[in-house]
Amino acid sequence: MSEHSTQLEAVAELRRARPRDRFLRVGLSCFALLLAASWFTGEFGIREFDWERRWANCERFLSRVVPFPMQEHPEASFAEKLGLAGGWLLDRWRESGAEAFRYTLGLSVVAIVFAGVASLVSLPLASRRLATASPLVPPHRELPAWQRWLWRLIGQGCRFLLVLARSVPEYMIAFFLVVALGFNAWPAVLALAIHNAGILGRLGSELVDNMPSAVPVSQRSLGAGRWQIYAFGAVPSLFSRFLIFFFYRWETCVRDATVLGMLGIPTLGYYLLEARAKDHLDEMLFFVALGSVTVLIGDLLSAFVRWRLERTS
Amino acid sequence: MGSRRMVLLLIGVAGFLAAWLIQLEPTQLFGKAQWHQLGVFFQAALSPALTYEDGAVVPEGLFLMEIAEALYKTLIYTAAAISLSLVGGLVFGFLGSAKAWLSLAAPGHVWGRALSAIALTGHFFVRTVMTVLRSVHEIVWAILFLQALGAENLAAVFAIAIPYSATLGKVFSELIDEAPRAAAGALRDNGASPVQVYVFGLLPAVIPDLLAYLLYRFECGLRSAAVLGFFGAPTLGSYLSLSWGERHYHEVWAYLYALLALIVAFDFWSGAVRRRLTVGLES
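Those protein sequence lines, which keep their order, are chains A and B. Using this note's numbering, the letters of the first sequence map in sequence onto residues 1 to 313. Using this note's numbering, the letters of the second sequence map in sequence onto residues 1 to 283.
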């Protein structure tokens with residue numbers, strides 16, 4: 001019995017000694033409160049939700065997303081319907097599906113390559129380790145104050161620019177750029193490149209900041225400059241991990257490229273809105289599905305490459 | 001040639017091929033008269049509006065309230081969507097990681113066999129469903145809901161919540177699959193049921209990571225909610241596109257700065273939370 005109570009006492013002791021952090025407690029409580037409170041703002045009108053009318057709407061919608069030939073021949077047998085739907089699908093694919101599919105994938109690849117190049121260049125300037133007046137080792141002599149300040153400015157400035165780049169939604173960047181650049185691929189490419197360069201730059205600079213210091217420090221003591229450390233020490237050893245991020249962001253690029261078409265750039269989203277404007281809901285659903293397939297293909301490719309990379313690294 | 005160079009070369013070639021495929025030409029970037037309009041727009045960046053640009057029509061001073069309202073709506077929509085996604089993500093994560101916790105079920109336990117058979121088929125099914133839900137963009141979900149339900153504020157919330165639930169579910173289940181198993185194993189050996197093993201043995205270990213990822217998704221949710229304003233939701237995007245349509249570029253920049261401030265502030269806060277969460281783990 002007494003042994004039991006000392007055990008309980010020990011558990012209570014452990015409980016008292018657990019790490020507690022007021023910042024975390026208050027912050028996360030407020031966050032949880034925000035999540036719960038959002039439902040009591042009256043914004044979403046759950047009470048006045050007219051289920052009956054919504055359901056009728058929904059039924060009408062569902063009857064009209066069925067491929068058109070199938071709607072026209074309700075009396076056809078199942079096999080005939082399948083044939084009709086197949087023919088219709090093939091027509092849609094030949095008409096604009098193939099082109100939209102190609103354009104969406106192509107756009108995402110160009111965008112991620114741009115983003116990759118931009119982030120590789122900006123990364124050493126954003127790294128807390130490299131973007132200092134005397135990277136990795138203390139300076140041999142006292143450095144002039146302006147040099148220390150300059151490098152602090154470069155580092156902080158570059159990190160802040162990366163934060164800005166990834167904070168603006170890519171849809172909004174493209175929305176503004178379309179005005180100047182017209183309805184070609186550039187607005188979407190640049191928007192995706194800017195947003196993803198911000199993300200890759202952050203992920204990459206974290207890699208550089210967390211890599212083991214043996215290689216860069218020895219390079220530094222042999223007299224290498226920060227760009228040499230970066231190009232011949234950091235890049236080779238972090239290469240495959242950076243590629244993993246690169247392919248992970250490419251997936252999201254494919255996903256975002258589909259909807260950037262809604263601004264008038266001929267990716268899948270463009271054709272989707274066009275079908276909706278013509279009130280061809282079956283065709284609209286075709287482009288939703290094709291978009292989904294495109295994203296899945298991107299996911300599979302990227303997952304395969306990342307799996308190979310993770311195995312080798 | 002080393003394999004790294006080979007990869008870089010391949011990526012470069014893929015980039016050029018893709019550029020050719022979408023007929024991307026550098027000349028499209030230059031010589032457009034419209035650059036002038038973009039120039040005007042970027043000049044407005046230096047002086048974001050503090051009042052309505054056509055002050056004669058509407059009383060002054062209300063514009064800042066409007067910005068506050070735009071931010072408030074964006075925040076509320078994100079919070080509602082993320083709270084739904086958290087529930088959805090936990091359910092998906094639970095079902096999607098069935099493999100991890102069923103392998104821990106005590107051999108010969110009452111539930112053991114039947115449950116593991118159901119759960120293993122369910123596991124595969126759930127992962128497929130998650131992938132498909134995730135593959136449709138939230139804007140596309142929003143358009144589908146608008147078509148199917150008609151204009152409805154809840155539509156925007158669901159549009160975000162569906163793909164986000166699937167993404168959270170995927171990450172949750174991966175975290176749980178990789179969670180340390182010692183505590184779970186000890187619980188199992190003392191006769192805990194699979195669900196008890198899951199809730200008390202596996203889940204606690206991943207809560208910090210799970211929270212960190214949830215906060216990151218909240219930040220993404222802010223962006224998504226703002227953009228859904230272009231598609232009928234009453235969030236920041238709707239205010240911004242109205243001002244843009246009237247060419248009130250100073251107002252546009254005011255909204256943009258407000259959104260950036262919100263996201264950057266949240267980013268700094270969640271960064272601090274993440275650091276403290278991981279420190280708590282190590283100590």
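Don't be surprised by glycine CBs; every beta carbon is placed ideally from N, CA and C.
Sub-7 Å separation of residue i and residue j beta-carbons
{"i": "A:G116", "j": "A:F246", "result": "yes"}
{"i": "B:A156", "j": "B:W141", "result": "no"}
{"i": "B:L202", "j": "B:I162", "result": "no"}
{"i": "B:A254", "j": "A:V109", "result": "no"}
{"i": "A:D209", "j": "A:S96", "result": "no"}
{"i": "A:A191", "j": "A:A174", "result": "yes"}
{"i": "B:R276", "j": "A:D21", "result": "yes"}
{"i": "B:I82", "j": "B:G221", "result": "yes"}
{"i": "A:L260", "j": "A:F287", "result": "no"}
{"i": "B:S85", "j": "B:L168", "result": "yes"}
{"i": "B:E138", "j": "B:S224", "result": "yes"}
{"i": "A:N100", "j": "A:Y271", "result": "With the sequence shown as reference, residue 100 of chain A is identified as Ala, and Asn is not the correct amino acid for it. Their beta carbons are under 7 Å apart, which means A:A100 touches A:Y271 by this criterion."}
{"i": "A:Q219", "j": "A:G233", "result": "yes"}
{"i": "A:G106", "j": "B:L21", "result": "yes"}
{"i": "A:T312", "j": "A:G291", "result": "no"}
{"i": "A:L319", "j": "B:S135", "result": "Outside the shown range of chain A, which is 1 to 313, sits residue 319 of chain A, and nothing can be said about it."}
{"i": "B:A79", "j": "A:L35", "result": "yes"}
{"i": "B:S165", "j": "B:G93", "result": "no"}
{"i": "A:I112", "j": "A:A188", "result": "no"}
{"i": "B:L149", "j": "A:N57", "result": "yes"}
{"i": "B:A179", "j": "B:V206", "result": "yes"}
{"i": "B:R4", "j": "A:F114", "result": "no"}
{"i": "A:L143", "j": "A:R202", "result": "no"}
{"i": "B:Y257", "j": "B:P48", "result": "yes"}
{"i": "A:P212", "j": "A:I229", "result": "no"}
Please determine if the region 226–234 of chain B and the region 65–78 of chain B are in contact, where contact requires at least 3 C-beta pairs separated by less than 8 Å. yes
Sufficient close CB pairs (3 or more, under 8 Å) joining the region 29–48 of chain B to the region 172–180 of chain A: yes
Interface residues of the region 162–189 of chain A facing chain B [CB-CB below 9 Å]: V163, L164, R166, S167, V168, P169, E170, Y171, M172, F175, F176, L177, V179, A180, L181, G182, N184, A185, W186, V189
For the region 137–163 of chain B, which residues have a CB atom closer than 8 Å to at least one CB atom of chain A, in sequence order? H137, I139, V140, I143, L144, Q147, A148, L149, G150, E152, N153, L154, V157
Mind listing, in chain order, the continuous beta strand (DSSP E) runs of no fewer than 3 residues lying wholly within the region 149–202 of chain B? none
Chain B contacts from the region 77–110 of chain A (Cβ-Cβ distance under 7 Å): R102, Y103, G106, L107, V109, V110
Taking a Cβ distance cut-off of 9 Å, strictly less, list which residues of the region 225–250 of chain B are near chain A, in chain order. A226, V227, F230, F231, P234, G237, L240, S241, W244
May I ask you to verify whether the region 263–276 of chain B touches the region 177–197 of chain B, counting CB pairs closer than 8 Å and requiring at least 3? no
Identify each residue in the region 205–230 of chain A for which the Cβ-Cβ distance to at least one residue of chain B is less than 8 Å, and report them in chain order. none
Do the region 128–135 of chain A and the region 151–169 of chain A touch if we need at least three Cβ pairs shorter than 8 Å? yes
4-residue-minimum alpha helix (DSSP H) runs that sit fully inside the region 66–99 of chain A, ordered along the chain: 68–72, 78–92
Let me know the alpha helix (DSSP H) ranges lying completely inside the region 162–219 of chain A, each 4 residues or longer, listed in chain order. 170–181, 186–210
Residues of the region 14–30 of chain B with a CB closer than 7 Å to any CB of chain A: list them in chain order, please. A14, G15, A18, A19, L21, I22, L24, Q28, L29
If you pair each beta-carbon of the region 251–264 of chain A with each one of the region 191–208 of chain A, do three or more pairs fall below 8 Å? yes
Select from the region 163–195 of chain B all residues with a C-beta closer than 7 Å to any C-beta belonging to chain A, and list them in chain order. none
In chain order, which beta strand (DSSP E) runs of at least 3 residues are fully inside the region 125–151 of chain A? none
What are the residues of the region 4–27 of chain A that lie near chain B, defined by any Cβ-Cβ distance shorter than 7 Å? P19, D21, F23, L24, G27
Check whether the region 162–174 of chain A touches the region 195–209 of chain A, counting contact only when three or more Cβ pairs, one atom from each stretch, lie closer than 8 Å. yes
Spell out a yes or no on whether the region 56–65 of chain A and the region 171–183 of chain B are touching, meaning 3 or more CB-CB pairs, one atom from each, closer than 8 Å. no
To test your reading of the DSSP string, which unbroken alpha helix (DSSP H) runs of 4 or more residues are found completely within the region 10–51 of chain B? 35–43
Select from the region 56–68 of chain A all residues with a C-beta closer than 7 Å to any C-beta belonging to chain B, and list them in chain order. N57, C58, F61
Scan the region 133–167 of chain A for residues whose Cβ lies nearer than 8 Å to a Cβ of chain B and list them as they occur along the chain. V163, L164, S167
Between the region 87–107 of chain A and the region 275–290 of chain A, are three or more C-beta pairs nearer than 8 Å? yes
In chain order, what residues of the region 59–80 of chain B put their CB closer than 7 Å to some CB of chain A? I76, A79, A80
Chain B contacts made by the region 113–131 of chain A, where a contact means CB separation under 7 Å: V113
Can you check the region 254–293 of chain A for any alpha helix (DSSP H) of at least 4 residues that lies completely inside it and give the ranges in chain order? 268–277
Any chance you could list the alpha helix (DSSP H) runs of at least 4 consecutive residues sitting entirely within the region 220–267 of chain B, in chain order? 236–245
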